[in-house]
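Down below is the structure, laid out as structure tokens.
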Amino acid sequence: MVKVNENYLKLEKNYLFINIAKKVNAYKAAHPEADIIRMGIGDVTLPICKAAVDAMKKGADEMGVKETFKGYEDSGAGYDFLREAVSGYYKSFGVDVPADDIRINDGAKADCGNIVDIFGDDNTILITDPAYPVYVDSNRMSGRKVIFADSDESNGFAAMPDENVKADIIYLCSPNNPTGSAYTKAQLKEWVDYANKNGSVIIYDAAYEAFITEDDIPRSIYAIEGAKTCAIEMCSLSKTAGFTGMRCGYTVVPEELKAKASDGSEVSLKQLWNRREGSKFNGVSYPVQCAAAAVFTPEGQQQIKVNIEYYQNNAKTIAAALDELGIKYTGGKNSPYIWLKCPNGMGSWEFFDLLLEKANVVGTPGAGFGKNGEGWFRLTSFGDKDRTVEAMERLKKILA
Ligand code: PLP
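The sequence shown begins at -11 in this note's numbering and counts up by one.
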């Protein structure tokens, strides 16, 4: 008889967004006239830029002509034109990542989950708490031991390495979802030094790097000396260029990154990753890769900047309201997320209910992202400008 992967049965039920939807729907049914403003879900709302749309159309046209039609892409790693464009993008902020170390994917979520395939199940996994839930689930699905590093008010939601804690694989996300905090170069250097010293690998999620505004916050872990011997980086066009529905991202596994097999021999993680992807992934569609490459042209960069600034201005609106109310928060500056301390010692869900019922505003209870999220709350700047202003007016009215 078939045996299931019992690790799935032990996964924590992730009801966060289901519970939010249930509560909002119940409220709407009881108050059909309520004008609800949604600031909870981390999806973008602005359309993809013209350069990307034009390139995608051109790519689609090429698929309909015999001479330019494309079938399977040879390696599934991404067309050279896009891998070179990503490499050039890294160069634009002073980081050297060769095209050959980059693989194009259909968004960062899949690779965040899939990367675990190249590591043994007996590794100890360290994840900052609170965190993007994919890191925990994808490791627990293969029965790995997961331990947590506390990101909390005492360290500005930026957990730092502890020499007394031994971890083999470390997940870092900066700028962070959900807390909006971002590691400085000096902080990230401590993690890189820890990983190199202990033979650990850092899985670095840079999905929100495009929102960084401060010079001291690195856009890539490879801006830190020594990172290439200990870090894999994942990035995505989802939030950078509104590609949540297009699906395109990239993962970097540096040539320099090696691990030891049980017989003591040195193994290239890039080779293992290429092997894994070669067996299980056939690449991203050509028109989408054309659109992605257009994002990295000067025209595309100019156009996505306009959208990012729109969201950054929403973040400023939220931050200004919280400043006025004297509410503590992280994020907003280098991130589309604002992570606020629930006022008057309220719990995350208690504050959710208050906001929904008294202001008709929906956010995300921090408790859904880990134990350190209790008492905290996530608002996103991905909404409409006028609605964000209106939501903050309502917040000020109920909390003043
Ligand atoms: N990493 C983080 C931290 C995220 O918040 C998200 C999406 O919300 C992703 C990765 C995955 O994004 P995508 O699969 O759309 O590239």
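Idealized CB from N, CA, C, for every residue including glycine. Bear in mind the structure is a predicted one, so any value in this text is a computation, not a measurement.
Runs of beta strand (DSSP E) wholly within the region 250 to 332 (minimum 3 residues, chain order): If only complete runs of 3 or more residues are kept, the region 250 to 332 shows the beta strand (DSSP E) at 254 to 256, 317 to 319 and 325 to 329, in order along the chain.
Three CB pairs or more closer than 8 Å across the region 238 to 245 and the region 168 to 187: Taking 8 Å as the limit for Cβ pairs, the verdict is that the region 168 to 187 does not touch the region 238 to 245.
Bridge partners - ASP193, DSSP secondary structure assignment: Beta-bridge annotation (DSSP): ASP193 is paired with CYS161 and MET222.
Test item: CB-CB of VAL272 and ASP68 under 8 Å: No. Outside cutoff.
Sequence-distant residues of the same chain with beta carbon closer than 6 Å to GLN277, five excluded per side: Within the same chain, GLN277 has close Cβ partners TYR67 and LEU70.
The region 347 to 366 touching the region 199 to 207, judged by at least three CB pairs closer than 8 Å: Because the criterion of three Cβ pairs below 8 Å is not met, the region 347 to 366 and the region 199 to 207 do not touch.
Residue(s) in a DSSP beta bridge with VAL349: The partner list for VAL349 (beta bridge, DSSP) reads ILE25.
Contact test: TYR77 Cβ vs ligand 1 heavy atom, cutoff 7 Å: False, no ligand heavy atom lies under 7 Å from that Cβ.
Close beta carbons around LEU313, own chain, < 8 Å, minus the five adjacent residues each side: For LEU313, the CB contacts under 8 Å within the same chain, skipping 5 residues up- and downstream, are PRO331, LEU383, LYS384, LEU387 and ALA388 in chain order.
For TYR196 and TYR298, the rounded distance between their alpha carbons: In this structure, the alpha-carbon of TYR298 lies about 15 Å from that of TYR196.
Heavy atoms of ligand 1 versus C-beta positions, residues under 6 Å: Selection around ligand 1 by beta-carbon proximity, strictly under 6 Å to any non-hydrogen atom, yields GLY30, GLY95, ALA96, LYS97, CYS100, TYR120, CYS161, ASN165, ASP193, ALA195, SER224, SER226, THR232 and GLY237 in chain order.
Any non-hydrogen atom of ligand 3 closer than 7 Å to ALA219 Cβ: This structure does not include ligand 3; its bound ligands are ligand 1.
Nearest candidate by alpha-carbon position, reference LEU(-3), set ASP110, ASN295 and MET129: Ranked by Cα distance from LEU(-3), the first of ASP110, ASN295 and MET129 is MET129.
Outcome for ASN270 when other beta-carbon atoms lying within 10 angstroms are tallied against a minimum of 16: Under this definition ASN270 is an exposed residue.
Where ARG26 falls, given that 16 or more other Cβ within 10 Å makes a residue buried: Buried.
Straight-line gap, ASP110 to VAL294 (C-alpha atoms, nearest Å): Across the structure, ASP110 and VAL294 are spaced so that their CA atoms are roughly 46 Å apart.
LEU367 burial status per 10 Å Cβ neighbour count (16 or more: buried): Result: buried.
ASP125, enclosing alpha helix (DSSP H) - first and last residue: 121 to 128 is the extent of the alpha helix (DSSP H) around ASP125.
Contacts around ILE296, its chain only, beta-carbon distance under 8 Å, and the 5 residues preceding and following it disregarded: Within the same chain, ILE296 has close Cβ partners ALA198, PHE199 and THR228.
Backbone secondary structure at LYS423 - three-state DSSP: Since the first and last residues shown for the chain are -11 and 388, residue 423 lies out of range.
Continuous beta strand (DSSP E) assignments of at least 3 residues falling wholly in the region 29 to 98: Listed in chain order, the complete beta strand (DSSP E) runs (minimum 3 residues) inside the region 29 to 98 are 90 to 93.
For LEU367, three-class secondary structure by DSSP: Assignment of LEU367 by DSSP, reduced to helix, strand and coil, places it in the strand class.
For TYR238: DSSP bridge partner residues: Answer by DSSP bridge pairing, in chain order: ILE92 and CYS223.
Three-pair Cβ contact test at 8 Å for the region 46 to 64 versus the region 301 to 320: Taking a contact to require three or more Cβ pairs closer than 8 Å, the region 46 to 64 and the region 301 to 320 do not qualify as touching.
Short Cβ contact (8 Å threshold) for ILE106 with ILE157: Not a contact, by the Cβ cut-off of 8 Å.
Status (buried if at least 16 other CB within 10 Å, exposed otherwise) for VAL(-10): Result: exposed.
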